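Enquirer:
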Amino acid sequence: MSRLIINASNLRGGGALQVASTFIEGLKSFSQNYYFVFLPPALSESIEEYKFTKNFIFYRVDNPSIVPFFNRVSNQLSLLESQIKPDCVFSLFGPTYWKPKSHHVMGFANGLYLYGDLPYIKKLPFFEKLILNFKKNYHRVLLKNNADLYVVQTDDMKKRFAEFIDVSQDKISVIYGSYHPTFSGNIKNINLLPSKKVNEFWFVTISSYYPHKNLDIINEIVDILSDNDIDVKIKFILTLPHDLFIKKFNYNSPLILNVGPVDLKDCPYLYSKSDALFLPTLVESFTASYPEAMIMKKPILTSDYQFAKTVCTDSALYFDPYNINDVVSKIVQIATDKHLYKKLANRGVVRVKSMPTFLDMTKKYLDICNL
C-alpha cells in the first residue's frame, strides 16, 4: 500500500478548513493507501477520528512558525516524515512554512495574491498595500521552492499562479472544489432560526469576517431597505462571532439575524431555511459556498467578477459590489421575481452536476500524487 502524508498543519481558518475536511472525508472511499494526516488545532475539532478506518493515522500538530528561525514544528514534521517514509506529501494549501524531502504536491487558493487588477487591491491604503506586497514576495519564494507540483481550483487561477511564481503551467493542475458530503445527507433541524413569516425572504451568508468579504455592506443595505416600501421583508443570516457582530453591525436591526459560527455539518440547515445565497466578496479564488448553494437549490447573488463567473456562469445574479444601488436593486429583483428565482435555482442544479463531486475531487488529488 502506498503512503500519503496529508499536510494541513499550516491551516488556521476560513474556507481552507472546509476543503481539507471534504478531502479527508473523501479518502474514506479510497482504502488502497495509508493516510498520515497532520491536523492543526483549527481542523482537529471537526475531524472525528474514531469514524476512520485503520489505514488513517492522525497526528495533532501546531501551526508551523512563519519565521524560519523558529522551526520547532517544522522539525517535528520533518521527523514524522522520516519515520513515515511517504511516497508523497500533499499539502492542501501553501505556503506551508515547511519543505518535505519527499515528492511534494501543494494546493494554492489565495486570491489576494493573484487578482491585483481588482478594485479592492488597487484601493488598499498605502501601508496595507505595502504589507500585502511584502507578504506576497516572501510567500512567492516559499511557494516556488517548497513544492514539486501545484493544484489550483480554476483555469483562470492556473494562468495567474504560473505567472505569479514563474513556473510552467505544466506543473499546475486544476481541480474544482466541491461541496462536502454532509450536503447530500438528511438535514437535521437544529432550531437556530426563528420561524419565517410568509412575506419574508432570507439571504444566507456563511462566511468569516475579512475585509475582502465585504460583509459591512449589509449595514448599508438594511438601512436602505428599511426606508423602502416593498412587499417582501428581506433579512440576512450571518454566522459571525457575537462579539464581532455587535462591534461591526447594527445588531438591533430586525433585518439581520446572526446565529454565530456553525459547524460544517449544520450548514445545510441554514441553506434549507434560507431563500438565496448572498456573497458580496471583493476577492476570491474559489468558495465552496457557490456549489453548496447550487446543490441546495438556492439562487446565488454575488459580485460581478471573473472569479465568480468562472464557477457560477449563468446560474447567479451579479452586481457591482461598489454600487450600493445596484446591489439593492438585484436583492429586490431576486426576492420579488419568482420566474428569475426559479430559473437561477434550476441553472444552479445543472451547473453543480457538471462540476466534480467530492469523490471526483479526491480521486483527482490522488492521481496527481500518483496514488
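Residue 39 in the numbering used here sits at position 25 of the sequence shown, with consecutive numbering throughout.
Cβ coordinates follow ideal geometry from the N, Cα and C atoms, glycine included.
The model shown is predicted, which means the values in this text are computed figures rather than measured ones.
Enumerate in chain order the residues of its own chain whose CB-to-CB distance from residue 13 is below 6 Å, with the five nearest sequence positions on each side excluded.
Expert: Since the first residue of the chain shown is 15 and the last is 385, residue 13 is not available in this structure.
Enquirer: Extract the residue ranges of the alpha helix (DSSP H) inside the stretch 259 to 339, only unbroken runs of 4 or more that lie entirely within it.
Expert: 281 to 287, 303 to 309, 320 to 326
Enquirer: Reducing DSSP to helix, strand and coil, say where residue 193 ends up.
Expert: Three-state DSSP puts residue 193 in coil, outside helix and strand.
Enquirer: Within a Cβ cutoff of 6 Å, which residues of the same chain sit near residue 403, ignoring the five residues on either side of it in sequence?
Expert: Only positions 15 to 385 of the chain appear in this structure, which leaves residue 403 out of reach.
Enquirer: Kindly indicate the opening and closing residues of the alpha helix (DSSP H) around residue 355.
Expert: 352 to 368
Enquirer: My guess is that residue 202 and residue 230 are in contact by the Cβ rule of under 8 Å, so how many angstroms apart are they, rounded?
Expert: That pair is no contact at about 32 Å.
Enquirer: Which same chain residues, not among the five before or five after residue 280, have their C-beta less than 6 Å away from its C-beta?
Expert: 204
Enquirer: May I ask which residues mark the beginning and end of the beta strand (DSSP E) holding residue 188?
Expert: For residue 188, the enclosing beta strand (DSSP E) covers residues 186 to 188.
Enquirer: Would you mind reading off the limits of the beta strand (DSSP E) that contains residue 214?
Expert: 214 to 219
Enquirer: Where does residue 124 land, buried or exposed, given buried means 16+ other C-beta within 10 angstroms?
Expert: Buried is the call here.
Enquirer: Less than 7 Å separating the beta-carbons of residue 445 and residue 305?
Expert: Beyond the ends of the chain as shown, which are 15 and 385, falls residue 445; an answer cannot be given.
Enquirer: Measure the alpha-carbon distance for residue 132 versus residue 311 and round it to whole angstroms.
Expert: The alpha-carbon atoms of residue 132 and residue 311 are separated by roughly 30 Å.
Enquirer: Going straight from the alpha carbon of residue 327 to that of residue 109, what length do you get?
Expert: 30 Å
Enquirer: Hey, residue 222 and residue 27 are a contact pair by Cβ (cut 8 Å); roughly how many whole angstroms apart?
Expert: That belief holds up - the Cβ atoms of residue 222 and residue 27 are roughly 6 Å apart, short of 8 Å.
Enquirer: Here's the rule I'm using: 16 or more other beta-carbon atoms within 10 Å means buried, otherwise exposed. How should residue 256 be labelled?
Expert: Residue 256 comes out exposed.
Enquirer: Cβ of residue 23 within 7 Å of Cβ of residue 70?
Expert: With respect to residue 70, residue 23 sits apart: the two C-beta atoms are not nearer than 7 Å.
Enquirer: With distances taken from CA atoms, which of 250, 274, 249, 267 is nearest residue 258?
Expert: Comparing Cα-Cα distances from residue 258 to each of 250, 274, 249, 267, the minimum goes to 274.
Enquirer: Please report how far the alpha carbon of residue 346 lies from the alpha carbon of residue 88, in whole angstroms.
Expert: Rounded to whole angstroms, residue 346 to residue 88 spans 51 Å at the Cα level.
Enquirer: Using the beta-carbon count (16 or more within 10 Å), is residue 95 buried or exposed?
Expert: buried
Enquirer: In or out: residue 289 buried (at least 16 other Cβ within 10 Å) or exposed?
Expert: buried
Enquirer: Per the contact definition of three or more C-beta pairs closer than 8 Å, is the stretch 133 to 151 in contact with the stretch 184 to 196?
Expert: no
Enquirer: Using beta-carbon positions only, say whether residue 251 and residue 269 come within less than 7 Å of one another.
Expert: no
Enquirer: Grouping DSSP H, G and I as helix and E and B as strand, with all else coil, what is residue 81?
Expert: Residue state, collapsed to three classes: coil.
Enquirer: So, under 8 Å CB-CB, residue 169 and residue 321 are touching, yes? Tell me the CB distance rounded to an integer number of Å.
Expert: The distance from the Cβ of residue 169 to that of residue 321 is about 11 Å, inconsistent with a contact at the 8 Å cut-off.
Enquirer: Compare the C-alpha of residue 286 against each of 180, 297, 309, 294 and name the closest.
Expert: Nearest Cα to residue 286 within the set 180, 297, 309, 294: 309.
Enquirer: Taking the straight line between their C-alpha atoms, what separation do you get for residue 190 and residue 166?
Expert: 8 Å
Enquirer: In or out: residue 104 buried (at least 16 other Cβ within 10 Å) or exposed?
Expert: Within 10 angstroms of the beta-carbon of residue 104 lie 16 or more other beta-carbons, which makes it buried.
Enquirer: Output the distance between the C-alpha atoms of residue 227 and residue 295, rounded to the nearest integer angstrom.
Expert: 4 Å
Enquirer: Tell me whether residue 121 sits in a helix, a strand or coil according to DSSP, three-state version.
Expert: strand
Enquirer: Just how far apart, CA to CA, sit residue 333 and residue 159?
Expert: 39 Å
Enquirer: Who are the Cβ neighbours of residue 267 in its own chain at under 6 Å, not counting the five residues just before and after it?
Expert: 236
Enquirer: Thinking C-alpha only, which one of 99, 121, 46 is nearest residue 25?
Expert: 121
Enquirer: Count the other C-beta atoms from every protein chain shown that fall within 10 angstroms of the C-beta of residue 67, then say buried if there are 16 or more, exposed otherwise.
Expert: Flag for residue 67 reads exposed.
Enquirer: Is it right to say residue 344 is buried, meaning 16 or more other beta carbons lie within 10 angstroms of its own, or is it exposed?
Expert: buried
Enquirer: Assign residue 47 to one of two classes, buried (16 or more other C-beta atoms within 10 Å of its C-beta) or exposed (fewer than that).
Expert: Of the residues assessed, residue 47 falls on the buried side of the cut-off, its CB having 16 or more other CB atoms within 10 angstroms.
Enquirer: What residue ranges within the stretch 41 to 81 form continuous beta strand (DSSP E) runs of no fewer than 3 residues, ordered along the chain?
Expert: 47 to 53, 70 to 74
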